[in-house]
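Using my numbering, the first residue of the sequence shown is number 3, and each one after it goes up by one. Everything on this sheet refers to the single structure shown next.
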Amino acid sequence: MKKFLPDLIAILAFVVISFVYFFPAVTEDRILFQHDTAAGAGAGQEAKEYYERTGERTRWTNSIFGGMPTYQMAPSYDSTDTLKVAEKAYHLFLPSYVWLTFIMMLGFYILLRCMGVSAWLSALGGIIWAFSSYFFILISAGHIWKFITLAYIPPTIAGIVLTYRKKYLLGGVLTALFLALQVLSNHVQMSYYFLFVILLIAGAFFEDAWRNKELPHFFKASGILIVAAIVGISVNLSNLYHTYEYSKETMRGKSELKSETNSAQQTSSGLDRNYITQWSYGIGETFSLMIPNIKGGASVPIVQNEKAMEKANPMYGSIYSQLTQYFGDQL
């Protein structure tokens, strides 16, 4: 027990920090308006009411786009009920908002501990990681599925590293568990990007095994990780399969509409690259993870900037109300 005392203290500290940060929301029942969360709740409201009225789940709703499947707006499958209980246990059944920050700290803490870092430095690393600016932007915007998926990536990496370091059982179990939780979070895009990170990690361990003449160990560890991946994905197969089938009928699949006048811009399938990346960070913006507002922060109406409006000409008020803020003089 004494051996795990620093870890228990770190976990308790994460709980306290999370509660303190969201103290008004917890004690005063304040609600953070999150656009995507509100939109998602509205889209799934009809299906929710149908379930409450009949006890049956519907896979169709008329509440959006004149009618569409509920696969993505309100996914719910009995096959993942056990996994959802495990997820709630992992975040200690903490209340809304609080558990989000908690799992972000805990996930990175697990990674650092598995890398051999001391409990105290791992706890500090977990706090710094969780309180980097981007994650709270996700919370405020309501991108909760994305946030949760990102929170499960560090402990998944921990499982992969342990497996390649010959802790096959523990590493395999961690990988299977957190990969399953990651896919359950239903942000396939983030999991897809994470696949490239996995390949880079595997490549590094392959190079190390090659130099040390331990290729049999590498292939054994890789086999265990493949099995763990199959387990983690299989638990979520219902949702993944329906996502795959549904994508064929959406703009994520091949479009049935073609332009005869601008064929050069046609894509054979999927989305245009510029469309996919327009919400992503630019290379320079990535540093906002360490330095808030390094690229100027979010664009807001200039009328909300009291200092800027002190020099504004009142006769242009209607114009100002339509402008966002940019660096430098506007008129």
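Idealized CB from N, CA, C, for every residue including glycine. None of these values were measured; they are calculated from a predicted model.
Ignore the nearest five residues each way along the sequence and tell me which others in residue i's own chain have a CB closer than 6 Å to its CB.
i, result
"residue 53", "59"
"residue 196", "155"
"residue 119", "none"
"residue 56", "none"
"residue 138", "none"
"residue 333", "Residue confidence is low: residue 333 scores 48 on pLDDT, short of 50, so the model does not pin down where it sits. Its coordinate-derived value is still stated next. For residue 333, where only same-chain residues beyond five positions count, there are no Cβ hits under 6 Å."
How close, in whole Å, do the beta carbons of residue i and residue j come, if the pair is a contact with beta carbons under 8 Å?
i, j, result
"residue 36", "residue 143", "6 Å"
"residue 107", "residue 16", "4 Å"
"residue 112", "residue 156", "7 Å"
"residue 199", "residue 97", "Their Cβ separation, rounded to whole angstroms, is 31 Å, which puts residue 199 and residue 97 out of contact at 8 Å."
"residue 182", "residue 238", "7 Å"
When the Cα of residue i is compared with those of the options, which residue comes out closest?
i, options, result
"residue 208", "198, 251 and 223", "223"
"residue 4", "170, 288 and 121", "121"
"residue 167", "279, 150 and 217", "217"
"residue 151", "80, 191, 219 and 238", "191"
"residue 289", "136, 183 and 89", "136"
"residue 160", "318, 212, 211 and 227", "227"
"residue 201", "145, 162, 92 and 66", "162"
"residue 140", "315, 282 and 115", "282"
"residue 61", "275, 276, 244 and 315", "244"
"residue 64", "83, 158 and 44", "44"
"residue 296", "305, 306 and 285", "285"
Ordered along the chain, which non-local residues of its own chain (more than five positions away) have a Cβ less than 7 Å from that of residue i?
i, result
"residue 178", "230, 233 and 234"
"residue 165", "173, 174, 177, 223, 226 and 227"
"residue 21", "28 and 100"
"residue 330", "Any answer about residue 330 is weak, because its pLDDT of 46 lies below 50 and its placement is not dependable; what the coordinates show is given next. So the list is empty, once near-sequence residues are dropped."
"residue 13", "108"
"residue 293", "none"
Can you list, in chain order, the residues of its chain with a C-beta nearer than 8 Å to that of residue i? Leave out the 5 residues immediately preceding and following it.
i, result
"residue 242", "185, 190 and 235"
"residue 248", "71, 73 and 74"
"residue 308", "none"
Exercise for the section: Let me know the alpha helix (DSSP H) ranges lying completely inside the region 101-156, each 4 residues or longer, listed in chain order. Expected result: 121-132 and 135-143
Exercise for the section: State whether the region 181-188 contacts the region 122-134, with contact taken as three or more CB pairs (one from each stretch) at a distance under 8 Å. Expected result: Judged by Cβ distances under 8 Å, the region 181-188 makes no contact with the region 122-134, as fewer than three pairs qualify.
Problem - Whole runs of the alpha helix (DSSP H) within the region 141-229, excluding any shorter than 4 residues - result: 146-166, 170-186 and 190-213
Exercise for the section: Would you mind listing the alpha helix (DSSP H) stretches within the region 61-92 that are 4+ residues and don't spill past its ends, in chain order? Expected result: Complete alpha helix (DSSP H) runs here, min 4: 83-92.
Exercise for the section: Would you mind listing the alpha helix (DSSP H) stretches within the region 6-71 that are 4+ residues and don't spill past its ends, in chain order? Expected result: Entirely contained in the region 6-71, the alpha helix (DSSP H) runs reaching 4 residues are, in chain order, 7-23, 25-29 and 37-56.
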